[in-house]
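So in the working numbering the end of the sequence shown lands on 352, straight run, no missing numbers.
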Amino acid sequence: MAELVVRGVSKAFGPVRALAGASLTVPAGSLTAVLGPSGCGKTTLLRCVAGFEPVDAGEITIAGQRVTTVPAHRRRVAVVPQDGALFPHLSVFDNVAYGLSRRDRRSGRVEAVLALVGLAGYERRMPHQLSGGQQQRVSVARALAPRPPLLLLDEPFAALDAALRVEVRRDVALALRADGATAVLVTHDQGEALSVADRVAVMRDGAIVQSGLPEDVYAAPADAWVASFVGEAVLLPATLSNATARTALGDLPLASPAPPQPTATAMVRPEQLELLPAHETHGVPATVLRHDYHGHDSLVVLRLDDGVTVTARILGAQTAPAVDAAVRVRVHGTAQAYPS
């Protein structure tokens with residue numbers, strides 16, 4: 013196990029600045045997801061950590077050793093690419109054993125890591141005999157086999173269908189933890205980052221803008237952009253008074269100290285909004301505009317009397333009110349406030 017520390021790393025490709033002083037700490041033995049939109053610098057950060065790209069400025073250390081200028085082949089960093097990149101002419105066993113010493117090949121390490129990723133007994137199969145998910149599991153097993161100090165995964169589940177992606181990423185995360193690996197997962201999938209990682213680092217415009225436990229990043233985003241990117245967010249103009257935000261949804265208590273200004277943007281999550289019958293006295297009046305059904309839950313889009321549009325989340329077992337129905341909306345819990 014090895015801690016990864018990235019300090020102020022910058023990287024440009026001609027006039028294009030891919031990294032702008034990115035800093036990140038990945039604790040030893042943990043899985044950190046680097047989450048961000050396309051083009052924010054996630055893959056460039058991974059390539060700099062692996063040694064595939066030289067950095068223009070900053071420092072990278074692995075297990076306390078500065079590796080900023082160390083060649084890729086001497087960093088002992090394993091990389092799992094998007095497509096798995098298995099050798100088509102080698103069996104599963106030989107793919108996983110590639111690069112291992114004879115002693116390690118005979119030690120049972122190959123069988124052990126295949127068991128970790130759920131492929132015990134697949135040693136003699138060829139890559140073309142495997143499904144896409146199984147090929148990705150073999151790729152992860154191959155990366156784990158030499159016990160690298162650091163494992164980097166570059167959107168390894170992106171090519172899988174939705175149901176298989178959930179299964180494979182869960183099993184891979186369990187395998188990483190069982191093997192005590194330190195790993196970085198690059199993804200643009202918010203659900204993936206929140207569900208499998210020990211920590212989440214949100215990236216924007218070449219820099220890490222927030223890093224922490226998944227539940228903390230979701231509950232207390234650093235700014236309104238992070239709030240909207242990491243899950244759905246209800247953002248409202250607000251007038252601040254002491255520890256309260258006055259909004260179109262009523263007066264909302266703030267979870268943290270308010271910005272030092274009279275106006276701000278207040279944020280609550282859709283699951284904090286409760287829909288009540290129109291005859292109730294609690295909450296504020298609203299009209300249902302549409303439903304976005306997701307099976308396990310629904311997002312109900314509403315227009316408040318002052319024209320503001322908000323979104324509420326209801327569980328799949330609950331019946332959503334009809335489109336054009338009049339309801340009332342009540343907020344539970346606290347809000348976050350950000351400078352306007």
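Note that CB positions come from ideal geometry on N, CA and C, so glycine has one too. Keep in mind the model is a prediction, meaning the values are calculated, not measured.
Does DSSP put residue i in a helix, a strand or coil?
i: Y305; result: strand
i: P289; result: strand
i: G41; result: coil
i: V125; result: helix
i: S113; result: coil
i: E204; result: helix
i: V313; result: strand
i: V296; result: strand
i: V280; result: strand
i: T56; result: helix
i: Q141; result: helix
i: R118; result: helix
i: V79; result: coil
i: V104; result: helix
i: S223; result: strand
i: L47; result: strand
i: A32; result: strand
i: T73; result: strand
i: T275; result: strand
For residue i, collect the residues of the same chain with a Cβ closer than 6 angstroms to its Cβ; drop the 5 residues on either side in sequence, then sort them by chain order.
i: E179; result: none
i: A245; result: A239, M279
i: F64; result: A84
i: S352; result: T275, A276, T277
i: D304; result: L311
i: V122; result: F105, V108, A109
For residue i and residue j, what's the separation of their Cα atoms in angstroms?
i: G295; j: V343; result: 7 angstroms
i: E283; j: T331; result: 15 angstroms
i: M215; j: E286; result: 32 angstroms
i: A45; j: A187; result: 16 angstroms
i: W237; j: D201; result: 16 angstroms
i: R136; j: S103; result: 6 angstroms
i: G70; j: T80; result: 8 angstroms
i: H306; j: L142; result: 31 angstroms
i: A290; j: D317; result: 13 angstroms
i: D68; j: A24; result: 7 angstroms
i: V82; j: A155; result: 20 angstroms
i: S35; j: L301; result: 43 angstroms
i: E167; j: Q94; result: 5 angstroms
i: A190; j: G243; result: 29 angstroms
Output the boundary residues of the alpha helix (DSSP H) element that contains residue i.
i: F64; result: Taken as a continuous stretch (DSSP letters only), F64 belongs to no alpha helix (DSSP H), as it is neither H nor E.
i: F25; result: Here F25 belongs to no alpha helix (DSSP H); instead the beta strand (DSSP E) covers 16 to 25.
i: P226; result: 226 to 231
i: D183; result: 174 to 190
i: R387; result: Shown here, the chain extends from 13 to 352; a query on residue 387 therefore has no answer.
How far does the beta strand (DSSP E) with residue i in it extend, from its first residue to its last?
i: V341; result: 338 to 343
i: P265; result: 262 to 265
i: V89; result: 89 to 92
i: A257; result: 256 to 259
i: S240; result: Where S240 is concerned, there is no enclosing beta strand (DSSP E), although the alpha helix (DSSP H) it sits in stretches over 236 to 241.
i: Q348; result: 348 to 351
i: V322; result: 321 to 327
i: R86; result: Unbroken run through R86: none, as it is neither H nor E.
i: D166; result: 162 to 166
i: P249; result: 246 to 253
i: V196; result: 195 to 199
i: V214; result: 211 to 216
Residues in the same chain with beta-carbon distance under 8 angstroms from residue i, minus the five sequence neighbours each way, listed in chain order, please.
i: P11; result: Residue 11 lies beyond the stretch modelled for the chain, which goes from 13 to 352, so this question has no answer here.
i: I72; result: L16, V17, V18, R19, V21, C60, V61, R78, V79, T80
i: L247; result: A236, A239, S240, T277, A278, M279
i: P271; result: L252, A349, Y350, P351
i: C52; result: M215, R216, D217, G218
Between residue i and residue j, how many whole angstroms is the CB-CB distance? I'm expecting something under 8 angstroms.
i: G144; j: A175; result: Contact flag wrong, Cβ pair sits at about 12 angstroms.
i: L314; j: T293; result: With 8 angstroms as the limit, L314 and T293 do not qualify as a contact, their Cβ atoms being about 18 angstroms apart.
i: V198; j: K54; result: 4 angstroms
i: V38; j: V196; result: 6 angstroms
i: A257; j: A349; result: 5 angstroms
i: T346; j: L288; result: About 20 angstroms separates the two Cβ atoms, so there is no contact after all.
i: L261; j: V322; result: 7 angstroms
i: R96; j: S50; result: The residue you asked about is not Arg; residue 96 is Gly in the sequence shown. With a Cβ gap of about 21 angstroms, G96 and S50 do not count as contacting.
i: A232; j: A267; result: 7 angstroms
Using a Cβ-Cβ cut-off of 7 angstroms (strictly less than) and excluding sequence neighbours within five positions of residue i, which residues of its own chain qualify?
i: A14; result: A40, I74, A75, P161, L162, T194
i: L327; result: D309
i: R211; result: S42, T44, S223, G224, L225
i: A32; result: S22, D217, G218, A219
i: L206; result: V212, P226, Y230
i: G48; result: K54, H200, V214, M215, R216
Please indicate yes or no: does the CB of residue i lie closer than 7 angstroms to some heavy atom of the ligand FMN?
i: P160; result: The model on display carries no ligand, and the ligand FMN is accordingly not part of it.
Is the CB of residue i under 8 angstroms away from at least one CB in chain D?
i: R154; result: Although the question refers to chain D, the structure presented lacks it and comprises just one protein chain.
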